[in-house]
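Trainee: Sharing a structure with you now.
In the UniProt record's numbering, the protein residues as written are 1 to 244.
Have a look at this one:
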């Protein structure tokens with residue numbers, strides 16, 4: 001069957017600290033390629049009252065809304081820390097749409113399914129400042145997230161980063177998500193999430209691997225390249241470029 005972009009909705013869930021503004025750069029390129037695009041920042045970004053359930057439900061409801069459209073396919077892009085929350089959100093959506101696994105593609109982007117190592121790495125690397133008493137964590141040096149951009153180009157995105165509410169750790173309620181088509185788009189110049197960690201996650205869960213020669217947030221630093229990569233994953237998932 002030929003690939004038909006108009007039958008796909010792409011849900012872009014960025015990682016911690018990112019808001020709707022950060023999702024804007026790739027939108028015109030997705031639209032030009034024929035895709036519907038739904039930007040969906042994490043509920044815990046900038047919301048001091050956010051809960052684990054609120055974060056999962058927000059993503060799950062967005063997926064369910066698209067699955068209720070006849071013949072519509074959904075590609076959910078889980079960037080960085082959103083991977084853990086998003087995976088459980090897919091499980092929830094599949095409870096009521098259990099036969100929809102063939103219409104769901106999960107695309108992890110420089111992502112994680114375990115928060116503990118990445119939080120320690122970010123704290124040690126000067127990315128992250130955590131205040132457990134207040135219940136928040138901040139990005140102390142946002143330029144490190146976009147270090148494949150000039151500081152001038154990165155500045156508005158750094159300034160738009162918000163605080164992140166500390167929420168409970170998700171627990172995956174089932175393995176339903178593993179019945180979906182899985183790809184990990186790994187970012188080879190990433191200082192926030194080491195490439196070897198990204199590759200290990202993909203191999204541990206039998207995901208296809210596609211690579212981008214970018215830093216941690218290619219939907220911001222290289223939006224046209226990012227859209228070409230996602231389009232390629234959706235068109236030719238079985239032949240995504242392996243990383244040695």
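Every residue gets a Cβ at the ideal spot worked out from N, C-alpha and C, and that includes glycine. Owing to the predicted nature of the structure, the values given are computational and were not obtained by experimental measurement.
Closer than 8 Å is the cut-off here; do at least three beta carbon pairs connect the stretch 57–76 with the stretch 90–109?
Mentor: Enough Cβ pairs lie closer than 8 Å, so yes.
Trainee: Does residue 12 pass the burial test, meaning 16 or more other C-beta atoms within 10 Å, or should it be called exposed?
Mentor: Buried is the call here.
Trainee: Please name the residue in 223, 25, 20 and 92 whose C-alpha comes closest to that of residue 175.
Mentor: Checked all of 223, 25, 20 and 92; the closest Cα to residue 175 is 92.
Trainee: Between residue 146 and residue 57, what straight-line distance do the alpha-carbon atoms span, to the nearest angstrom?
Mentor: If I take the Cα positions, the gap works out to 29 Å.
Trainee: Per DSSP, what kind of secondary structure is residue 121 in: helix, strand or coil?
Mentor: Helix.
Trainee: Threshold first: 4 residues or longer. Then list the alpha helix (DSSP H) segments lying entirely within the stretch 131–170, N to C.
Mentor: Listed in chain order, the complete alpha helix (DSSP H) runs (minimum 4 residues) inside the stretch 131–170 are 151–160.
Trainee: Please say whether residue 34 and residue 6 have beta carbons closer to each other than 8 Å?
Mentor: Yes, Cβ-Cβ distance for residue 6 and residue 34 is below 8 Å.
Trainee: Touching or not, the stretch 164–181 and the stretch 38–53, by the rule of three or more beta carbon pairs under 8 Å?
Mentor: With a cut-off of 8 Å, the stretch 38–53 and the stretch 164–181 count as touching, because enough Cβ pairs lie within range.
Trainee: Looking at C-alpha atoms only, which residue of 123, 19, 195 and 25 is the closest neighbour of residue 223?
Mentor: For the residues 123, 19, 195 and 25, the minimum Cα distance to residue 223 belongs to 25.
Trainee: Helix or strand or just coil, what does DSSP make of residue 228?
Mentor: Residue 228: helix per DSSP, three-state reduction.
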